[in-house]
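Participant: Counting from 35, one number per residue, gives the positions in the sequence shown under the numbering used here. Mind having a look at this structure? Questions to follow.
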Amino acid sequence: MSEKLLEIKDLSIRYTSDKVISRAVNHVNLTVNKGEVLGLVGETGAGKTTTALSILGLLPKYTSQVEGEIVFDGDNLVNANEKKMRTIRGKRISMIFQDPMTSLNPVFKVGDQIGDVIRYHNSRTSKQEVDARVGEILNLVGIPAARKDEYPHQFSGGMKQRVMIAIAIACNPDLLIADEPTTALDVTIQAQVIKMMRNLQKELGSSVVLITHDLGIVANFCDKVAIMYAGEIVEGGTLEDVYDKGRRHHPYTDGLFGSIPNITERTDRLIPIEGLTPHPSELPEGCKFHPRCPKCMEVCKSKDPSIWNNGTHMVRCHLFTEEEVGV
35 MSEKLLEIKD LSIRYTSDKV ISRAVNHVNL TVNKGEVLGL VGETGAGKTT TALSILGLLP
95 KYTSQVEGEI VFDGDNLVNA NEKKMRTIRG KRISMIFQDP MTSLNPVFKV GDQIGDVIRY
155 HNSRTSKQEV DARVGEILNL VGIPAARKDE YPHQFSGGMK QRVMIAIAIA CNPDLLIADE
215 PTTALDVTIQ AQVIKMMRNL QKELGSSVVL ITHDLGIVAN FCDKVAIMYA GEIVEGGTLE
275 DVYDKGRRHH PYTDGLFGSI PNITERTDRL IPIEGLTPHP SELPEGCKFH PRCPKCMEVC
335 KSKDPSIWNN GTHMVRCHLF TEEEVGV
């Protein structure tokens, strides 16, 4: 059996602002093994980034409440103090943030921003060793080492994303969280960045949690998939479990795949999922997807669905649990 690196158990996260409670994440369970890539997929507002930030202990201190466990290599990070989290962030768990245009400091050279991570976690490293390591990392992400003395505004969007990845991998982390790493990049650059990340993941042996909307990227990069909706994991399993058209899936998963253009079929319009994702402060009763679900039953409107399991494949849906369903 593979060795577990990250295990999220019954994680729930609430935000309280002006006496309004937003239930951003609800009873989430996830496991990432060593050397494994997990794709976390869902619409905007599903709770993907909140889940990622909770792993790093970066949620707002006074407005968020976290329940459950986030076990990383045997330690529960929910109870970890800030001092301990600072030794973990950047060194053992790193994150590639969503927008490279605003995540880099515009007044510092990119080499210094990469070097800061190395110096913080390796205080005895000399300046020459840091400079050499910065050059190695830049070469690793496809940027000439000579460009380490340039500023972020001198780089294109794709190059800035490569710098962000260089900062994240500077200390060879055990877990890399990539929050929509191809946002705002054109399709050609997206493909280059994902190919580079896949090669780096294999070379470094890191585990990866990839947050994305793009099911095509997940198919090319991930070992396991978790589909998230309204703060819940509604379907999960191996790539085959979720992508196999011969199996039955959660209606939301069917909707996501139905929204993708098919180059082999001629059609006038795509088939979108009707309606909008509910706000975390106004989640519906019963199944959270029922107001948008084309297969909604009466039980869906009042009763939370339980989880149906078949080997590695799990689905949270009344269609699977109300009757015996074969795959």
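C-beta: ideal position from N, C-alpha, C; glycine also.
Going by DSSP, what residues sit across from Ser128 in a beta bridge?
Facilitator: As a first step, residue 128 is located in the sequence shown; it is residue number 94 there, counting from the start. DSSP output for Ser128 lists Leu210 as bridge partner(s).
Participant: Leu64 bridges to which residues according to DSSP?
Facilitator: As a working note, residue 64 is residue 30 in the sequence shown. DSSP output for Leu64 lists Ile42 as bridge partner(s).
Participant: Quick check on this structure: which residue in Asp338, Glu319, Phe255 and Leu353 has the alpha carbon closest to the alpha carbon of Pro285?
Facilitator: Position 251 of the sequence shown, counted from the start, is the residue given in the question as residue 285. Of the candidates Asp338, Glu319, Phe255 and Leu353, the residue whose Cα lies closest to the Cα of Pro285 is Leu353.
Participant: Pop quiz: Gly75 and Met262 are said to be a contact at Cβ under 8 Å. What is the actual Cβ separation, rounded to whole angstroms?
Facilitator: Here residue 75 corresponds to residue number 41 of the sequence shown, with the count starting at 1. Here residue 262 corresponds to residue number 228 of the sequence shown, with the count starting at 1. Here the sequence assigns Val to residue 75, which means Gly is not the residue at that position. So it is a contact: roughly 7 Å between Cβ atoms.
Participant: Quick check for students: name the residue ranges of the alpha helix (DSSP H) that lie wholly in the segment 155-195, counting only runs of 4 or more.
Facilitator: 161-174
Participant: Using 8 Å for Cβ pairs, my map puts Ala80 next to Gly265. What's the rounded Cβ distance?
Facilitator: Reading the sequence shown from its first residue, position 46 is the one you call residue 80. Reading the sequence shown from its first residue, position 231 is the one you call residue 265. The Cβ separation is near 7 Å, so the contact holds.
Participant: At the level of alpha carbons, what is the spacing between Thr287 and Asn254?
Facilitator: Taking the first residue of the sequence shown as position 1, residue 287 is located at position 253. Taking the first residue of the sequence shown as position 1, residue 254 is located at position 220. When only Cα atoms are considered, Thr287 and Asn254 end up about 18 Å apart.
Participant: What residues are listed by DSSP as bridge partners for Glu269?
Facilitator: Stepping through the sequence shown from its first residue, residue 269 is reached at position 235. Glu269 pairs with Ile261 and Val349.
Participant: Use the C-beta contact count for Lys335: other C-beta atoms within 10 angstroms, 16 or more gives buried, fewer gives exposed.
Facilitator: Counting from 1 along the sequence shown, the entry for residue 335 is found at position 301. Looking at its Cβ environment, which holds fewer than 16 other Cβ atoms inside 10 Å, Lys335 is exposed.
Participant: Report buried or exposed for Glu70, applying the criterion of at least 16 other Cβ atoms within 10 angstroms of its Cβ.
Facilitator: Here residue 70 is taken as the residue at index 36 of the sequence shown, counted from 1. Its Cβ being crowded by 16 or more others within 10 Å, Glu70 is buried.
Participant: Determine the extent of the alpha helix (DSSP H) in which Ile297 is found, giving its start and end residues.
Facilitator: In the sequence shown, residue 297 corresponds to position 263, counting from 1. Run containing Ile297: none; DSSP gives neither H nor E here.
Participant: Please classify Ile104: does DSSP put it in a helix, a strand, or coil?
Facilitator: Residue 104 sits at position 70 when you count from the first residue of the sequence shown. Strand, per DSSP.
Participant: Should Lys258 and Leu72 be called a contact, given that it needs their Cβ atoms to be closer than 7 Å?
Facilitator: Numbered from 1 along the sequence shown, position 224 holds the residue referred to as residue 258. Numbered from 1 along the sequence shown, position 38 holds the residue referred to as residue 72. Yes, the Cβ-Cβ distance between Lys258 and Leu72 is below 7 Å.
Participant: Would DSSP call Asn344 helix, strand or coil?
Facilitator: Locating residue 344 in the sequence shown gives position 310, counting from the first residue. Note: Asn344 maps to strand in three-state DSSP.
Participant: When DSSP labels each residue in this structure, what does Gly69 get in the three-state scheme?
Facilitator: Taking the first residue of the sequence shown as 1, we reach residue 69 at position 35. Residue state, collapsed to three classes: coil.
Participant: With DSSP as the reference, label Arg232 as helix, strand or coil.
Facilitator: Along the sequence shown, one-based indexing puts residue 232 at 198. Residue state for Arg232 is assigned as helix, using DSSP reduced to three classes.
Participant: Measure the beta-carbon distance from Arg362 to Pro314 and round it to whole angstroms, keeping in mind my assumption that it falls under 8 Å.
Facilitator: Since the first residue shown for the chain is 35 and the last is 361, residue 362 is missing from the structure and cannot be characterised.
Participant: Can you find the residues in the same chain that come closer than 8 Å, C-beta to C-beta, to Cys327, ignoring five residues on each side of it along the sequence?
Facilitator: Here residue 327 refers to the residue found at position 293 when the sequence shown is read from its first residue. For Cys327, where only same-chain residues beyond five positions count, the Cβ hits under 8 Å are Pro285, Tyr286, Cys321 and Cys334.
Participant: Since Thr97 and Ser157 are thought to touch, with beta carbons under 8 Å apart, how far apart are those beta carbons, to the nearest angstrom?
Facilitator: The residue labelled residue 97 in the question sits at position 63 within the sequence shown. The residue labelled residue 157 in the question sits at position 123 within the sequence shown. So it is not a contact: roughly 34 Å between Cβ atoms.
Participant: Following the continuous beta strand (DSSP E) through Val243, name the residue where it begins and the one where it ends.
Facilitator: Residue 243 sits at position 209 when you count from the first residue of the sequence shown. Where Val243 is concerned, the enclosing beta strand (DSSP E) stretches over Ser241 to Thr246.
Participant: Bridge partners of Ser56, per DSSP?
Facilitator: Numbered from its first residue, the sequence shown carries residue 56 at position 22. Bridge partners of Ser56: Tyr49.
Participant: Could you tell me the alpha carbon to alpha carbon distance between Gly239 and Leu209, rounded to whole angstroms?
Facilitator: Walking along the sequence shown from the start, residue 239 turns up at place 205. Walking along the sequence shown from the start, residue 209 turns up at place 175. Going by the C-alpha atoms only, they are around 9 Å apart.
Participant: Alpha carbon to alpha carbon, how far is Val221 from Pro215?
Facilitator: Residue numbering aside, residue 221 sits at position 187 when the sequence shown is read from its first letter. Residue numbering aside, residue 215 sits at position 181 when the sequence shown is read from its first letter. Taking the straight line from one Cα to the other gives about 12 Å.
Participant: Report yes or no: do three or more beta-carbon pairs, one from the segment 140-158 and one from the segment 111-119, lie closer than 8 Å?
Facilitator: Flag = no, the segment 140-158 and the segment 111-119 do not touch.
Participant: Roughly how many whole angstroms lie between the Cα atoms of Ile211 and Ile203?
Facilitator: In the sequence shown, the residue the question calls residue 211 occupies position 177. In the sequence shown, the residue the question calls residue 203 occupies position 169. Cα to Cα, Ile211 sits roughly 11 Å from Ile203.
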